[in-house]
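For reference, the structure discussed in these notes is given below.
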Amino acid sequence: MLTRLLGSLQSMASWPVILRLLTAVGVLAVIMNGTDPPFSTPRIEDHAGGLRILDMRFSYGPEEANRLFDALGTDGRRAYLMLHLMPDMLFPICYSLAFASTSAWFLVRLLPQDHPLQWLSLLPLISGAADIIENLSLAIVNSSYPTRIDWLTQIASALTKIKFGLMPIGVVLLSAMMLLWLTRGRPQSHMTSRCAHSSS
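In the working numbering, each residue carries its 1-based index in the sequence shown increased by 35.
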């Protein structure tokens, strides 16, 4: 299954696809942070009296989560739920596919297609999956308030750490790939001619 996923990622990795994904990432980021719908991060944090939403903290516990949900009030919790179930569910899908596709594009040009390091392309997908499950976990905790689900909050916090921990690693690796590709004279793809055509 993972081998098939990697192969699909390598085949779809093309600049038109990558640019469309990056555009979607930019649009969603602006909607969530730079505009004023009820589910935007600034509006939600206004409901909470300036408390940061859990997604933007590196670490939090059940008490901090409960304090936020209490401060949000009914309207704030509803807006936070909308954020988790709408744009913030699409955002990790788009950014993880964008970074994974870009990594795959460079790796098939730097290394043979069957090289073990090709698996690094999947690293952004792990971060994206952690983000999605984190969002679902927090949505459940939010919907259950005032009943507390402390164990699920702790799982969400662990997933937040994974999400934020993998992001800088992915950026560093992608930067290294780009630099190697440029210094090696921009090599062509190592994939088969059929796949190389689809990923050029």
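Each residue gets a CB set at the ideal place from its N, CA and C atoms; glycine is no exception. From a predicted model like this one, the values you see are computed outputs, not experimental measurements.
Between L194 and A165, the C-beta gap is smaller than 7 Å, which places the two residues in contact. In this structure, L155 and P222 do not form a Cβ contact; the two beta carbons are roughly 17 Å apart against a cut-off of 8 Å.
Here the alpha carbon of I53 sits roughly 16 Å from the alpha carbon of G205.
H150 sits in coil when the DSSP states are folded into three classes, being neither helix nor strand. By the C-beta criterion, the segment 73-89 is judged not to be in contact with the segment 147-154, since fewer than 3 inter-stretch pairs fall below 8 Å.
Distance from the Cα of A135 is smallest, within the candidate group R92, D90, M47, V176, for M47. Scanning V207, Y180, L201, L214 for the CA closest to the CA of R112 turns up Y180. The beta strand (DSSP E) runs of length 3 or more contained entirely in the segment 110-184 do not exist; there are none. Of the other Cβ atoms in all chains shown, fewer than 16 fall within 10 Å of the Cβ of E98; this residue is therefore exposed. Within the same chain, C129, L132, A133, S136 come within 7 Å of L56 by CB-CB distance, once the 5 residues on both sides are set aside. Put simply, of L158, L217, M213 the residue whose alpha carbon is nearest the alpha carbon of M202 is L158.
Annotation: the continuous alpha helix (DSSP H) that includes S43 extends over 37-47.
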